[in-house]
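Line order of the protein sequences matches chains F and S.
The first sequence maps to residues 517 to 757 in my numbering.
The second sequence maps to residues 8 to 187 in my numbering.
C-beta atoms are modelled at their ideal positions from N, C-alpha and C, and glycine is treated no differently.
These numbers were taken from a predicted model, which means no experiment stands behind them.
Just below is one structure, and these are the notes that go with it.
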Amino acid sequence: MNEPVFWLDDKAIPFRDGQTVMTAVTAAGHYIPHLCHHPDLTPHGSCRLCIVQIDGRIRAACTTPAQANMKVTFDTTLLNQQRRQIVELLFAEGNHLCPSCEVSGNCQLQALAYDLGMTHSEFAPLYPQRETDGSHPDIFVDQDRCIFCELCTRSARELDQKNIFGISGRGSHTYLLAHSDSGKLGDTALTETDRAAHICPVGCLLPRNGNYQIPIGERLYDAQPIHIRGNHRPDDGEFTP
Amino acid sequence: MSARKLKVATCSLAGCFGCHMSFLDMDEQIVDLIELIEFDRSPLTDIKTIGACDIGLIEGGLCNDENVHVLQQFRQHCRILVAVGACAINGGVPALRNRFTVQECLEESYLHGVGVVEAQIPADPELPSLLPQVIPIQNVVKVDFFLPGCPPPATAFVEIIQAVRDNREPRLDYPMRRFD
Numbered sequence: 517m518n519e520p521v522f523w524l525d526d527k528a529i530p531f532r533d534g535q536t537v538m539t540a541v542t543a544a545g546h547y548i549p550h551l552c553h554h555p556d557l558t559p560h561g562s563c564r565l566c567i568v569q570i571d572g573r574i575r576a577a578c579t580t581p582a583q584a585n586m587k588v589t590f591d592t593t594l595l596n597q598q599r600r601q602i603v604e605l606l607f608a609e610g611n612h613l614c615p616s617c618e619v620s621g622n623c624q625l626q627a628l629a630y631d632l633g634m635t636h637s638e639f640a641p642l643y644p645q646r647e648t649d650g651s652h653p654d655i656f657v658d659q660d661r662c663i664f665c666e667l668c669t670r671s672a673r674e675l676d677q678k679n680i681f682g683i684s685g686r687g688s689h690t691y692l693l694a695h696s697d698s699g700k701l702g703d704t705a706l707t708e709t710d711r712a713a714h715i716c717p718v719g720c721l722l723p724r725n726g727n728y729q730i731p732i733g734e735r736l737y738d739a740q741p742i743h744i745r746g747n748h749r750p751d752d753g754e755f756t757p
Numbered sequence: 008m009s010a011r012k013l014k015v016a017t018c019s020l021a022g023c024f025g026c027h028m029s030f031l032d033m034d035e036q037i038v039d040l041i042e043l044i045e046f047d048r049s050p051l052t053d054i055k056t057i058g059a060c061d062i063g064l065i066e067g068g069l070c071n072d073e074n075v076h077v078l079q080q081f082r083q084h085c086r087i088l089v090a091v092g093a094c095a096i097n098g099g100v101p102a103l104r105n106r107f108t109v110q111e112c113l114e115e116s117y118l119h120g121v122g123v124v125e126a127q128i129p130a131d132p133e134l135p136s137l138l139p140q141v142i143p144i145q146n147v148v149k150v151d152f153f154l155p156g157c158p159p160p161a162t163a164f165v166e167i168i169q170a171v172r173d174n175r176e177p178r179l180d181y182p183m184r185r186f187d
């Protein structure tokens, strides 16, 4: 029996039962912009970068089950503009000062901004007051850069079987929480070898060692856009300069 | 080649002049550029007042009331205003002070800083007053084009100027869209 397909613009995408639009499109070798999606984790649907249009509705590709003959509109001027505005909002909401960030050049938020043609944010920066946490011997936390994708929360829970992180607060006061009596990351069970320590797509959860090792010009997204390189980190084991 | 050269004014507000250095770092392209533009007010000419200009290149964000005054003068006199570099676009590294009050910043610099002697906070009325926060220039005036980067590459400056000459939108290809 032929594999069922759905349509991503004019491309036929085969899929298996249980796959989402995102996982099927990725398996077919195409790229949908995303930040909170990770192939090893339960879909979250929070960053909204993977928006597509299905039956006139805007939906997140990472949480939408693939269905036979479904028509998924992906590459339009309006959708790309909306994706860029979402990235602009993320930049305005945090303190994303790329020139002073260790992960600049390897940052997935920055790479999506480049790829979506963002030169600036149309939204005035909020300059929120957020905390840093240097209590852990191997991992530094700079919440200025957190985009609340919960990749760390989910990977700790699902891959490391630990309850390390959570999101607390509301609205512009939302913050990343470390589950320990002191509230400090250093008092949690997080270890340097945990997946959660190496999954942050931005510079919020930052390994203390190994930064600034890759020369400018050879970093992940210096020469090639993220839709070609994919969502990676220099330390995720899949990085080849 | 048109007879009239484009008039270009430049300034550095809360910036480090790195964008100006990058502008000059265009090797032999500067020969062609000389045929295309002439400078009005700029640190490169040391002209202090601005006349009617085609392009205003603004480096740096706004950290004090003199920055705001200069920016508004540029907006009034420039047909096309360009935010140049990370600081003009989102405050940049100077915006790291935004988590502190102005008083805390002044005390750290002039009273408690390393190596400070005869500690006192400068209070001369001729000194510009610091704004409560460092802010991007588009918070105060309309900005026509944005050149990201810390600094933007020299080729991006050339592209902006050629785009204005040709009366079209600038095309910042992938290597020119940089935030660092």
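Boundaries of the alpha helix (DSSP H) harbouring Asn97 (chain S): Gly92 to Asn97, taken from the DSSP string. According to the DSSP assignment, Leu69 (chain S) belongs to the beta strand (DSSP E) that extends over Leu69 to Asn71.
For Ser637 (chain F), the nearest beta carbon of chain S is closer than 9 Å to its own beta carbon. In this structure the stretch 526 to 541 of chain F lies against the stretch 579 to 587 of chain F, because at least three pairs of beta carbons, one per stretch, are closer than 8 Å. In terms of Cβ geometry, Ala694 (chain F) and Ile683 (chain F) do not form a close pair [threshold 9 Å]. Counting the other Cβ atoms within 10 Å of the Cβ of Leu51 (chain S) gives fewer than 16, which makes it exposed.
Membership of Tyr630 (chain F) in the alpha helix (DSSP H) is indicated by the continuous run Gln624 to Asp631.
For Arg575 (chain F), no alpha helix (DSSP H) encloses it; the enclosing beta strand (DSSP E) starts and ends at Arg573 to Ala576. Using a Cβ-Cβ distance cut-off of 8 Å, the stretch 608 to 624 of chain F and the stretch 635 to 651 of chain F are in contact, since at least three pairs of beta carbons, one from each stretch, lie closer than that value. By the 16-neighbour rule on beta-carbons within 10 angstroms, Ser136 (chain S) is exposed. For Ser616 (chain F), the chain S residues whose Cβ falls inside 8 Å of its Cβ are Val100 and Leu103, in order along the chain. For the options S:Cys70, S:Ala59, S:Cys157 and S:Cys60, the alpha carbon positioned closest to that of Ile732 (chain F) is the one of S:Cys157. Exposed is the label assigned to Ser688 (chain F), since fewer than 16 other Cβ atoms lie within 10 Å of its Cβ. For Gly633 (chain F), the nearest CB of chain S lies under 9 Å from its own CB, placing it at the interface with that chain. Within the same chain, Cβ atoms closer than 7 Å to the Cβ of Val77 (chain S) are found at Cys18 and Leu20, the five residues on either side in sequence being excluded. In the DSSP assignment, Tyr691 (chain F) falls within the unbroken beta strand (DSSP E) covering Tyr691 to Ala694. Gln83 (chain S) is classed as exposed because its beta carbon has fewer than 16 other beta carbons within 10 Å across all chains shown. In the DSSP assignment, Val718 (chain F) falls outside any alpha helix (DSSP H) and carries neither an H nor an E.
Residue pairing from DSSP places Asp658 (chain F) in a beta bridge opposite F:Thr648. Interface criterion not met: the Cβ of Phe164 (chain S) is under 9 Å from no Cβ in chain F.
Per DSSP, Cys60 (chain S) lies in no alpha helix (DSSP H) segment; the continuous beta strand (DSSP E) that holds it begins and ends at Cys60 to Glu66. Contiguous beta strand (DSSP E) elements confined to the stretch 73 to 138 of chain S occur at 85 to 91, taking only those with 3 or more residues. For Asp32 (chain S), no chain F residue has a Cβ inside 9 Å of its Cβ, as the nearest lies near 15 Å away. Neighbourhood of Tyr181 (chain S) in chain F, by CB distance below 7 Å: Tyr630 and Pro741, in chain order.
Gly68 (chain S) and Leu43 (chain S) have their alpha carbons spaced roughly 27 Å apart. Here DSSP, grouped into helix, strand and coil, assigns Pro615 (chain F) to helix. Near chain F, meaning a CB-to-CB distance below 8 Å, no residue of the stretch 67 to 80 of chain S qualifies. The beta carbons of Pro155 (chain S) and Thr635 (chain F) sit about 5 Å from each other, so the pair counts as a contact at 8 Å. DSSP places Phe164 (chain S) within a helical segment (H, G or I) once states are collapsed to three.
Around the beta carbon of Val541 (chain F), 16 or more other beta carbons lie within 10 angstroms, which makes this residue buried.
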